[in-house]
Amino acid sequence: MKTQTLPEALDEFITRMPKVETHLHLEGSIQPATLLEIARRNQVEIPARDVAGVEQLFKYQSFHEFLTVFMALARVLVRGEDFEQIAYELGHHLADQQVRYAEVMISPRQHSYRGIDLNEVVQGAAAGFAKAQRERGIGVNLAFDYGRQFGTEEAWPLLECAIGNQHNTLVAWSIGGDERHFPPEPFAELFAAAKQAGLHVMAHAGEVVGPASVWGAVDVLGAERIGHGVRSVDDPALLTHLRERGVVLDVCPTSNLRTGAVASLAAHPFRRLFNAGLTLTVNTDDPVFFATTLNDEYRLLAGSFGFTAEELTTLALNAAHASFLPDEQRAMLSGQMQSDIAALRAELDL
Ligand SMILES: [Zn+2]
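Spelled out as structure tokens, the structure:
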């Protein structure tokens, strides 16, 4: 499938359109130069000497390879100040994409097993995003994304930590990691406890495994949003169910291509899911590790799947509606975006 060159007005619309991002990982957003700097500062060995070397690591043959690199590089992060630095830089990067609000996942198990204090991790990240907010106006809340391959037992203290950090902008609990060998069902009790404590819940599902994984995430875990969920397209009954339940799919097209979850751009079901009436958002997942930006993802949809300004507006507003902000703040964000997008479209005659 060929990506078309975009008409100038549509290209400018994408660049300037206010956006919300609901699915990205802090550890997958570290700029190579920063990664090297922090590794040096903390004296952690990584399999790269320079920026080109780090970029070389970002060439994956499979989801498994991606996960291995992700885990190896997360090891450079040791102190609260490391998390503050990468969060601050990510906040600026997102503001550059006209992102007004984002929910950023942290993988707690990647840090806790090394004896790192997760409260310090959350405080550091929250401080970095708060600093970016003061400078650029972007709002960010945090979520814990637990690697399901580590089992339920180890998850409990991490969930406790998440619950205890709700005052520190932590708003959601999620599972990610090895979906193939670790189905969602055993996490039912954890998810119930998370919800009970006031956290929102979501799950990576239907990325590398078929519809069964999405059914479990929705019906057994009660996930409000599904990370990826692209394989739902294989099951018409599931599509109906997702539509009826108002479950949102946070879709990350470039990520799916880079990890091999989808064989080619032509095979990506984004357009089919959208046309089936599902509520979709578009996201980067790990912008640096997948060499993409949120603007690139919107351009990809316009250039390869023919998304119009109207349809892109729907996606941007979906993300605002699907966010885990308190009702009043969410309504304010949506309303502001809606009127700003309308003004932009009028200016660009789109
Ligand atoms: Zn993800």
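Just so we're aligned, residue 6 is where the sequence shown starts under my numbering, counting upward by one.
Cβ coordinates follow ideal geometry from the N, Cα and C atoms, glycine included.
Coarse secondary structure for residue i, derived from DSSP in three states
i    : result
T20  : helix
R230 : strand
P303 : Reading the sequence as shown, one finds Tyr at residue 303 and not Pro. In this structure, Y303 counts as helix in the three-state DSSP scheme.
Y118 : coil
S29  : For the sequence presented, residue 29 should be read as Leu rather than Ser. Three-state DSSP puts L29 in a strand.
I111 : strand
A210 : strand
H246 : helix
H326 : helix
H186 : coil
H205 : strand
E70  : helix
D354 : coil
K64  : coil
L270 : coil
L11  : coil
R54  : coil
T174 : coil
P191 : helix
I168 : helix
T318 : helix
I35  : coil
Q90  : helix
F196 : helix
E159 : coil
L82  : coil
F275 : helix
G282 : coil
P241 : helix
Residue(s) in a DSSP beta bridge with residue i
i    : result
D150 : S179
V256 : V287
H97  : Answer is none; H97 lacks a bridge partner.
G144 : Y106
Pair within 8 Å by beta-carbon distance, residue i and residue j
i    : j    : result
G215 : G181 : no
Q103 : K24  : yes
F18  : A314 : yes
N261 : V235 : yes
L204 : L244 : no
R230 : D255 : yes
T318 : F68  : no
L31  : I91  : yes
P258 : E302 : yes
M76  : Q115 : yes
E89  : G129 : yes
H326 : S339 : yes
V81  : I111 : no
G211 : S179 : no
S353 : A14  : The sequence given here has Leu at residue 353, not Ser. Cβ distance < 8 Å, so L353 and A14 count as in contact.
L29  : R304 : no
T39  : E94  : yes
V56  : L78  : no
T20  : N288 : no
R105 : M342 : yes
A131 : T174 : yes
M22  : L355 : no
Rounded Cβ spacing between residue i and residue j (contact assumed at less than 8 Å)
i    : j    : result
G232 : H209 : 4 Å
T27  : T286 : 5 Å
G33  : F294 : 4 Å
N170 : V109 : Going by Cβ atoms, the distance from N170 to V109 rounds to 14 Å, so no, they are not a contact pair.
V225 : E184 : About 14 Å; that fails the 8 Å criterion.
R141 : A100 : 4 Å
V176 : F329 : 5 Å
Identity of the residue in the options nearest residue i by Cα
i    : options                : result
P37  : G120, V74, H28         : V74
L72  : C166, Q154, P241       : Q154
R248 : P12, V59, N170, N280   : N280
A198 : L164, P191, D240       : L164
A222 : E190, L322, E140       : E190
V206 : H172, I168, D183       : I168
A193 : N170, G156, A336       : G156
A242 : V126, A217, L353       : A217
P113 : T174, G85, E94, F149   : F149
Q66  : E333, A271, A266       : A266
H172 : N146, E333, Q61        : N146
F310 : N124, L270, A202       : L270
P162 : G133, F187, N124, K136 : N124
L278 : G308, P292, E316       : E316
L195 : D290, E158, L322       : E158
Residue i CB to nearest heavy atom of ligand 3 below 7 Å
i    : result
D290 : Ligand 3 is not part of the structure shown, which contains ligand 1 as its ligands.
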